[in-house]
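Please read the structure below before turning to the comments.
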Amino acid sequence: MPEGPELHLASLFVNSMCSGVVFTGPVQRSEVSKNSEVPFSCLAYTITATSRGKEVRLTLKPLKSGPALDISMRDQQPMDVVFRFGMSGLFRFTTEEELPKHAHLRFYTNEKPSRVLSFVDSRRFGSWQPSGTWQADRGPCVMFEYQRFRENVLSNLNDRVFERPICEVLLNQKYFNGIGNYLRAEILFRSNIPPFVKARTALEQLHLMDLSEEKQTHREVKEEVADMKMFNTTAVKETDMEEKLKEEVTEIPDLLSLCNSVPLEVINMGVKGYDPGQNHYTELKAWFQCYSVAGMRSTRDHNSRTIWFKGDPGPLAPKAKKRLKNDDHAGKKKKAKFPKKGKVKKEVEVPQKQTGRKCVMNSQEVRENVTRGRKAPQRHSGRMTRSNSHVQAQ
DNA sequence: CGTCCACGTCTAC
DNA sequence: TAGACCTGGACGG
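Take the first sequence: its letters are residues -7 to 386, numbered as in my numbering.
So this is what it looks like as structure tokens:
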């Protein structure tokens, strides 16, 4: 499950499980791993973690202690190891006996029967770098460096990458560090921006808004709704517009604030029982409003990744692609798949309309709130579960 | 059995 | 912009 929220939950998991725990000896790498050895060995050390976008950094810190028995364990300097999770990476903390399959990097405690913090990665697309730093060309974290993230996007709209469809740019980690395939779908769904609108078109109006220090007035909101209507014909009806005008302006999130608030929602979901490998994905699936949801539409983007959406694909949608090799991300046409039985069963439906989260614009206040807020209270209003009530994508 | 699909990068024509 | 890198779950015959 690794997008920004899962990486952050992984860091919370490590800090929670390893608090007060002493590790010892060398860091062990699996035989099969192609990643580097981690040249760290110490009689007694601690592990802490932090995250940024789609990376996690572990800090291994030697404890002051008596003379080491093994010379190789002396004079060990602290070391950071920076992880990317690929498609399947996660951390687990188990006994040595219960070491999971695919535990490719392992840190052993000094306990009687050792316990082991391990980086588990069945597909091995994940990577780590000893003495690592945050990858240089990844942008600020969408979750925890929100103002810098926003600035980085809005001050670089001249970059040619913003000529690509917004759904594709949302996966560009230079600007959207932390967003992945499920988040882009959920974010665009809530913004009501068609996935294949040119990114610059979807974003440059936010730039203008940021330039004006004035609070939003209802008049401005009205104009925004009108603008939206122009580039998303399916989105806004007169009644919706009326509702928009009645809404508190501060409840209308723009695309960039959604890039912050939507991942934070996922984090807040997971924080209670945060073993990232366990119930989290089940909970996530129940939370999806668009990604892989029955009745939503899906197609391949220009990089052959599946984009889920509702309604109009937008002007830059790819024309039918030829069949290619049978491999990940190799283009194939795919229709919306339906969830296996057992999943959608008894859900009774809550009509789609409250997804009148339609407005593309927002106010300064929203940003302030979202940025500062540790919680993401704006959701939870309606259904939290996946269901086929969304049917009608057509 | 087989085929398709997956929450992500990387790098080589 | 194709692959390449991988394992494993879901589903079809």
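Beta carbons: idealized from backbone N, C-alpha and C, even for Gly. Remember, it's a predicted structure, so these values are computed and weren't measured experimentally.
Task: C-alpha gap between Ser25 and Phe77, whole angstroms - done: Within the first sequence, the letter at position 33 stands for residue 25. Within the first sequence, the letter at position 85 stands for residue 77. Going from the Cα of Ser25 to the Cα of Phe77 covers about 14 angstroms.
Task: Lys56 and Pro70 closer than 8 angstroms at C-beta - done: Indexing the first sequence from 1 puts residue 56 at position 64. Indexing the first sequence from 1 puts residue 70 at position 78. No, these two residues do not count as a Cβ contact at 8 angstroms.
Task: Distance between beta carbons of Pro255 and Met135, contact taken as under 8 angstroms - done: The count along the first sequence starts at 1 and reaches residue 135 at position 143. The count along the first sequence starts at 1 and reaches residue 255 at position 263. Right, their Cβ atoms sit about 5 angstroms apart.
Open item on the list: For a quick check, are the C-beta atoms of Tyr100 and Thr16 less than 8 angstroms apart?
Closed with: The sequence position of residue 100 within the first sequence is 108, counting from 1. The sequence position of residue 16 within the first sequence is 24, counting from 1. Against a cut-off of 8 angstroms, the Cβ pair of Thr16 and Tyr100 comes out as a contact.
Task: Gln20 - partner residues in DSSP beta bridges - done: Along the first sequence, read from residue 1 onward, the residue named residue 20 stands at position 28. In the DSSP output, where bridge partners are listed per residue, Gln20 has Arg98.
Task: Sequence-distant residues of the same chain with beta carbon closer than 6 angstroms to Arg142, five excluded per side - done: As a first step, residue 142 is located in the first sequence; it is residue number 150 there, counting from the start. If we look at Arg142 and ignore the five residues flanking it on each side, its Cβ neighbours are Leu248.
TODO: Along the beta strand (DSSP E) that carries Gln121, what are the first and last residues, could you check?
DONE: Taking the first sequence and counting its residues from 1, one reaches residue 121 at position 129. Start and end: Ser119 to Pro122.
Task: Rounded straight-line distance, which links the Cα of Ser284 to that of Glu29 - done: Here residue 29 corresponds to residue number 37 of the first sequence, with the count starting at 1. Here residue 284 corresponds to residue number 292 of the first sequence, with the count starting at 1. When rounded, the distance between both Cα atoms is 38 angstroms.
- [ ] Using alpha carbons as the reference points, say which of Glu160, Val14 and Val153 lies closest to Lys104.
- [x] Residue mapping note: residue 104 aligns to position 112 of the first sequence, counting from 1. When only C-alpha atoms are compared, the closest one is Val14.
Task: Coarse secondary structure for Phe85, derived from DSSP in three states - done: Reading the first sequence from its first residue, position 93 is the one you call residue 85. Correct three-state label for Phe85: strand.
Open item on the list: Below 8 angstroms on the Cβ atoms is my contact criterion, and I expect Cys10 with Leu109 to pass it. Report the Cβ-Cβ distance as a whole number of Å.
Closed with: Taking the first sequence and counting its residues from 1, one reaches residue 10 at position 18. Taking the first sequence and counting its residues from 1, one reaches residue 109 at position 117. Correct: roughly 6 angstroms between the Cβ atoms.
Task: Bridge-paired residues (DSSP) for Glu90 - done: Residue numbering aside, residue 90 sits at position 98 when the first sequence is read from its first letter. Answer by DSSP bridge pairing: none, since Glu90 is not bridged.
Open item on the list: Using the three-state DSSP reduction, which class does Met261 fall into: helix, strand or coil?
Closed with: If you number the first sequence from 1, residue 261 lands on position 269. Met261: helix per DSSP, three-state reduction.
Task: C-alpha distance - Asn260 paired with Phe5, whole-angstrom precision - done: Taking the first residue of the first sequence as position 1, residue 260 is located at position 268. Taking the first residue of the first sequence as position 1, residue 5 is located at position 13. Taking the straight line from one Cα to the other gives about 13 angstroms.
Task: The alpha helix (DSSP H) enclosing Ser3, as first and last residue numbers - done: Your numbering for residue 3 matches position 11 in the first sequence. Taken as a continuous stretch (DSSP letters only), the alpha helix (DSSP H) holding Ser3 covers Gly(-4) to Cys10.
Open item on the list: Can you give me the C-alpha to C-alpha distance between Asn27 and Phe117, rounded to a whole angstrom?
Closed with: To locate residue 27, count along the first sequence from 1; it is residue 35. To locate residue 117, count along the first sequence from 1; it is residue 125. So the alpha carbons of these two residues sit roughly 10 angstroms apart.
Task: Range of the contiguous beta strand (DSSP E) that encloses Trp402 - done: Any answer about residue 402 is impossible in this case: the structure gives the chain only from -7 up to 386.
TODO: Figure out for me which residue from Ser22, Val48 and Pro18 has the closest Cα to the Cα of Leu35.
DONE: Translated into the one-based positions of the first sequence, residue 35 becomes position 43. When only C-alpha atoms are compared, the closest one is Pro18.
TODO: With DSSP collapsed to three states, give me the class of Asp67.
DONE: The residue labelled residue 67 in the question sits at position 75 within the first sequence. Three-state result, Asp67: coil.
TODO: Use the C-beta contact count for Pro307: other C-beta atoms within 10 angstroms, 16 or more gives buried, fewer gives exposed.
DONE: Here residue 307 is taken as the residue at index 315 of the first sequence, counted from 1. So Pro307 ends up on the exposed side.
Task: Contained beta strand (DSSP E) runs [length at least 3] in the segment 102 to 147, N- to C-terminal order - done: Runs found: 107 to 113 and 119 to 122.
Task: Bridge partners - Glu47, DSSP secondary structure assignment - done: Start at 1 with the first residue of the first sequence, and residue 47 comes out as number 55. Glu47 pairs with Arg44.
Open item on the list: Below 8 angstroms on the Cβ atoms is my contact criterion, and I expect Gly279 with Ala177 to pass it. Report the Cβ-Cβ distance as a whole number of Å.
Closed with: Position 287 of the first sequence, counted from the first residue, corresponds to residue 279. Position 185 of the first sequence, counted from the first residue, corresponds to residue 177. Strictly speaking, residue 279 in this sequence is Trp, with Gly absent from that position. Not a contact, Cβ separation roughly 12 angstroms.
TODO: Going by DSSP, name the residue or residues bridged to Leu35.
DONE: Translated into the one-based positions of the first sequence, residue 35 becomes position 43. Partner(s): none; Leu35 has no beta bridge.
TODO: In angstroms with no decimal places, state the Cα-to-Cα distance between Arg49 and Trp126.
DONE: Here the question's residue 49 lines up with position 57 in the first sequence. Here the question's residue 126 lines up with position 134 in the first sequence. About 8 angstroms.
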